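Q:
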Amino acid sequence: MFNPKDIIETLANNVQQTASPFGIPKFMVNTWFKHASLPKKGEYLLFTGLMYQFTPYIEKSTQYLEKYEGTRMAGLLKYARHIPSYISGIGLAMITSGKEKKNAGQTLKNICSLLKKSKVDFAYRPDLDNYSGILLYDMGDQKGFVAHAKKVAQKLQKAGIKKIITVDPHTAYALKELFPKYTGINFEVKSYFELLNLKSKDCGLEVTIHDPCFFGRYLKLSDVPRKVLTNLGISASDIRNQGEFTSCCGGPAESISPSLSNEIMEKRAKELEEPGKPIIAYCPICLGNLKKSGANVEDLSTLLVRHI
Amino acid sequence: MSLVNLDFAEELKEYSEDTALECFNCGTCAAICPLVHDNFPRRMIRYVQIGARQKILENSDELWRCLHCGLCTHTCPREADPGEIILGLKRFVVANFRRS
Ligand code: SF4
Ligand code: SF4
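Okay, structure coming up:
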């Protein structure tokens, strides 16, 4: 286990300097939209919160943390916060695989295709799409979180944004529950799958869904993706821990203790593998973590886009 | 020897809702918690109830094992909100090390 203080101060420092927990400047992380020709005006604003885009970097940095956990090197982490974030961040960006970065972008393009197919009137504005600060909140850096969240929310408010589409559970929870409480600014927040209107013939496919904690338990939205799948003739197998009682994939412990995170992930992967069906995740953290366990897992949007 | 701090509950109000006294120590949270670790989070909630401020600071690293998954809060029969108490304790510890 790493010293939480070192991890928290490194993350807090990164968010303060670069608005990204990994210290990678936004122009390097958020590039997926460049050839997607998305409208700049619409009823909803698509707000990715950059979580899908961060996943390849999280994977890479966890590989390093895994290597050093429990060794003398772990103690050196405290010096990381003295390195300007953009230098360490660019270093991390350079060692992260291009293929993984492209995959993360493809998920977002798939989500756009699904929204278009469902005739949702949405816009994308990269200047307004920012990290929500949720990791700071989870780590207990309340001051850092509130300061960051206020900046993000005020920017959206100034641009006249009222309705927002999110794509991951962490950003959805931040915007729906935490922003009103801690910034005083309210938006109407929908997760992309709540707006989908897709139909297709029964394809006889069965999948096992892994509900992320924030969608299943905190926001109680786990019925929605199941309905979307039913409309496409895809059924979901029943497992013991699902919906409001879903089990965590272990992802949130990744930066503090990769070994603890792996232990929890292995347990969850076993539960999900029990029905012997392909596994569907709908959170970038869960997806990355379950992939690491070697499970046959893909993102909900990847499955949906194949069936429209 | 551990000292008991009678003002601890008051001090914690700055960091989270004051729900720890609702807890009657049934252990449901510790039984369902995926960490399966040494009576966590129940033990921490007990420390809050008895004002064992120092004990929490001594064992503070444990708080960051918590995944904030919410299972404990969801199943607590007393609505003591154990998950949010843990999050509040993280905030308390962060504020503490930033002050020192
Ligand atoms: S489940 Fe609730 S009442 Fe029972 S020990 Fe945990 S916090 Fe206390
Ligand atoms: S929120 Fe934390 S303490 Fe509660 S069950 Fe989840 S990991 Fe355990």
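Going line by line, the protein sequences match chains B and G. Positions 3 to 310 (the working numbering) are the ones given, in order, by the first sequence. Positions 1480 to 1579 (the working numbering) are the ones given, in order, by the second sequence. For each residue, glycine too, the CB sits at the ideal point set by N, CA and C. Keep in mind it's a predicted model, so treat the numbers as computed, not measured.
Relative to the C-alpha of L231 (chain B), which candidate in B:L274, B:A125, B:D204, B:E275 has its C-alpha closest?
A: By 1-based counting over the first sequence, the position of residue 231 (chain B) is 229. The shortest C-alpha separation from L231 (chain B) is found at B:D204.
Q: By the DSSP assignment, the alpha helix (DSSP H) with D301 (chain B) in it spans what residues?
A: As a position in the first sequence, residue 301 (chain B) is number 299, starting the count at 1. Taken as a continuous stretch (DSSP letters only), D301 (chain B) belongs to no alpha helix (DSSP H), being part of the beta strand (DSSP E) at 299-301.
Q: Could you tell me if I89 (chain B) is buried or exposed, where buried requires 16 or more neighbouring beta carbons within 10 angstroms of its beta carbon?
A: Counted from its first residue, the first sequence places residue 89 (chain B) at position 87. Its pLDDT being 48, under 50, I89 (chain B) is placed unreliably in this model, and the value from its coordinates should be taken loosely. Exposed, since its Cβ has fewer than 16 Cβ neighbours within 10 Å.
Q: Beta carbon of V299 (chain B), beta carbon of L306 (chain B): below 8 Å?
A: Along the first sequence, read from residue 1 onward, the residue named residue 299 (chain B) stands at position 297. Along the first sequence, read from residue 1 onward, the residue named residue 306 (chain B) stands at position 304. Contact: no.
Q: For R219 (chain B), go through chain G and note every residue whose CB falls closer than 9 Å to its CB, in chain order.
A: By one-based count along the first sequence, residue 219 (chain B) stands at place 217. Near R219 (chain B) (Cβ distances below 9 Å), the residues of chain G are C1548, G1549, L1550, T1552, H1553.
Q: Give me the Cα-Cα distance between E61 (chain B) and P286 (chain B), rounded to the nearest whole angstrom.
A: Working through the first sequence from its first residue, we reach residue 61 (chain B) at position 59. Working through the first sequence from its first residue, we reach residue 286 (chain B) at position 284. About 11 Å.
Q: What first and last residue would you give for the beta strand (DSSP E) that runs through F147 (chain B)?
A: Residue numbering aside, residue 147 (chain B) sits at position 145 when the first sequence is read from its first letter. F147 (chain B) -> not in any beta strand (DSSP E); alpha helix (DSSP H) instead, spanning 144-160.
Q: State the start and end residues of the unbroken beta strand (DSSP E) segment that holds I167 (chain B).
A: Here the question's residue 167 (chain B) lines up with position 165 in the first sequence. 165-168 is the extent of the beta strand (DSSP E) around I167 (chain B).
Q: Can you name the residues of chain B whose CB is closer than 7 Å to the CB of L1566 (chain G)?
A: Residue 1566 (chain G) sits at position 87 when you count from the first residue of the second sequence. Those are G142, listed as they occur along chain B.
Q: Identify each residue in the segment 264-277 of chain B for which the Cβ-Cβ distance to at least one residue of chain G is less than 7 Å, and report them in chain order.
A: Listed by position, the residues of the segment 264-277 of chain B near chain G (Cβ gap below 7 Å) are I266.
Q: Leaving out five residues before and five after V1572 (chain G) in sequence, what residues of the same chain have Cβ atoms less than 8 Å from its Cβ?
A: Translated into the one-based positions of the second sequence, residue 1572 (chain G) becomes position 93. Result list for V1572 (chain G): I1535, L1536, S1539, L1542, in chain order.
Q: To be precise: take each residue of the segment 9-32 of chain B, compare its Cβ to all Cβ atoms of chain G, and keep it if any distance is under 7 Å. Which residues remain?
A: Residues I10.
Q: Contact criterion: CB-CB distance below 8 Å. Does F1519 (chain G) meet it with respect to chain C?
A: In the structure shown, chain C does not exist; the protein chains are B and G.
Q: Could you pull the DSSP bridge partners for K192 (chain B) from this structure?
A: Numbered from 1 along the first sequence, position 190 holds the residue referred to as residue 192 (chain B). According to DSSP, which records beta bridges pairwise, K192 (chain B) is partnered with B:I167.
Q: Quick one, what's near ligand 2 if you take every residue whose CB is closer than 7 Å to any heavy atom, in chain order?
A: Residues with a Cβ closer than 7 Å to any heavy atom of ligand 2, in chain order: B:C250, G:C1508, G:I1511, G:C1512, G:P1513, G:L1514, G:F1519, G:P1520, G:C1545, G:L1546, G:H1547, G:C1548, G:G1549, G:L1550, G:C1551, G:T1552, G:P1561, G:G1562, G:I1565.
Q: Ignoring anything shorter than 3 residues or poking outside the segment 224-255 of chain B, list the beta strand (DSSP E) runs there in chain order.
A: Counting only runs of 3 or more, we get 236-238.
Q: Kindly indicate which residue of B:G235, B:N112, B:G135 has the alpha-carbon position closest to the one of G25 (chain B).
A: Here residue 25 (chain B) is taken as the residue at index 23 of the first sequence, counted from 1. It is B:G135 whose Cα lies nearest to the Cα of G25 (chain B).
Q: Go ahead and pull the three-state DSSP assignment for I89 (chain B).
A: Translated into the one-based positions of the first sequence, residue 89 (chain B) becomes position 87. With a pLDDT of 48 at I89 (chain B), under the threshold of 50, the modelled position of that residue is not reliable, and no figure is offered here.
Q: List the residues that DSSP assigns as beta-bridge partners of I282 (chain B).
A: By one-based count along the first sequence, residue 282 (chain B) stands at place 280. Beta-bridge pairing links I282 (chain B) to B:I211, B:E300.
Q: Which residues in the same chain have their Cβ closer than 6 Å to the Cβ of C1545 (chain G), if we skip the five residues on either side of it in sequence?
A: As a first step, residue 1545 (chain G) must be located in the second sequence, where it is residue number 66. These residues qualify, in order along the chain: I1565.
Q: Just verifying my parser: in three-state terms, what is the DSSP assignment at L47 (chain B)?
A: Start at 1 with the first residue of the first sequence, and residue 47 (chain B) comes out as number 45. Correct three-state label for L47 (chain B): strand.
Q: Taking 7 Å as the cut-off, is the C-beta of F1503 (chain G) nearer than that to any heavy atom in ligand 1?
A: Position 24 of the second sequence holds residue 1503 (chain G). Yes, ligand 1 has a heavy atom inside 7 Å of this Cβ.
Q: Can you tell me where the alpha helix (DSSP H) holding T185 (chain B) begins and where it ends?
A: Start at 1 with the first residue of the first sequence, and residue 185 (chain B) comes out as number 183. Residues 181-185.
Q: Of the residues that make up the segment 1499-1513 of chain G, which ones have a beta carbon closer than 8 Å to any beta carbon in chain B?
A: Here the close residues are P1513.
Q: Using a beta-carbon distance below 8 Å, is F1576 (chain G) in contact with chain B?
A: Residue numbering aside, residue 1576 (chain G) sits at position 97 when the second sequence is read from its first letter. Cβ-Cβ to chain B under 8 Å: yes for F1576 (chain G).
Q: Answer yes or no: do F189 (chain B) and L197 (chain B) have a C-beta to C-beta separation smaller than 8 Å?
A: Position 187 of the first sequence, counted from the start, is the residue given in the question as residue 189 (chain B). Position 195 of the first sequence, counted from the start, is the residue given in the question as residue 197 (chain B). No; because the gap between Cβ atoms is not below 8 Å, this pair is not in contact.
Q: Tell me where the alpha helix (DSSP H) around R1577 (chain G) begins and ends.
A: Residue numbering aside, residue 1577 (chain G) sits at position 98 when the second sequence is read from its first letter. Residues 1561-1578.
Q: Just the C-alpha distance for D240 (chain B) and S1579 (chain G), rounded to the nearest angstrom, thanks.
A: Locating residue 240 (chain B) in the first sequence gives position 238, counting from the first residue. Locating residue 1579 (chain G) in the second sequence gives position 100, counting from the first residue. Between D240 (chain B) and S1579 (chain G), the C-alpha separation is close to 50 Å.
Q: With distance defined between alpha-carbon atoms, name the residue in B:G296, B:D140, B:N291 nearest to Y54 (chain B).
A: Translated into positions along the first sequence, residue 54 (chain B) becomes position 52. The shortest C-alpha separation from Y54 (chain B) is found at B:N291.
Q: For my contact list, P1520 (chain G) and C1508 (chain G) are in at a C-beta cut-off of 8 Å; report their separation, rounded to the angstrom.
A: The count along the second sequence starts at 1 and reaches residue 1520 (chain G) at position 41. The count along the second sequence starts at 1 and reaches residue 1508 (chain G) at position 29. That pair is a contact at about 5 Å.
Q: Taking CB distances under 8 Å as the criterion, tell me whether C285 (chain B) reaches chain G.
A: The count along the first sequence starts at 1 and reaches residue 285 (chain B) at position 283. So no, C285 (chain B) is outside the interface.
Q: Using a Cβ-Cβ cut-off of 6 Å (strictly less than) and excluding sequence neighbours within five positions of V154 (chain B), which residues of its own chain qualify?
A: In the first sequence, the residue the question calls residue 154 (chain B) occupies position 152. Hits under 6 Å: N132.
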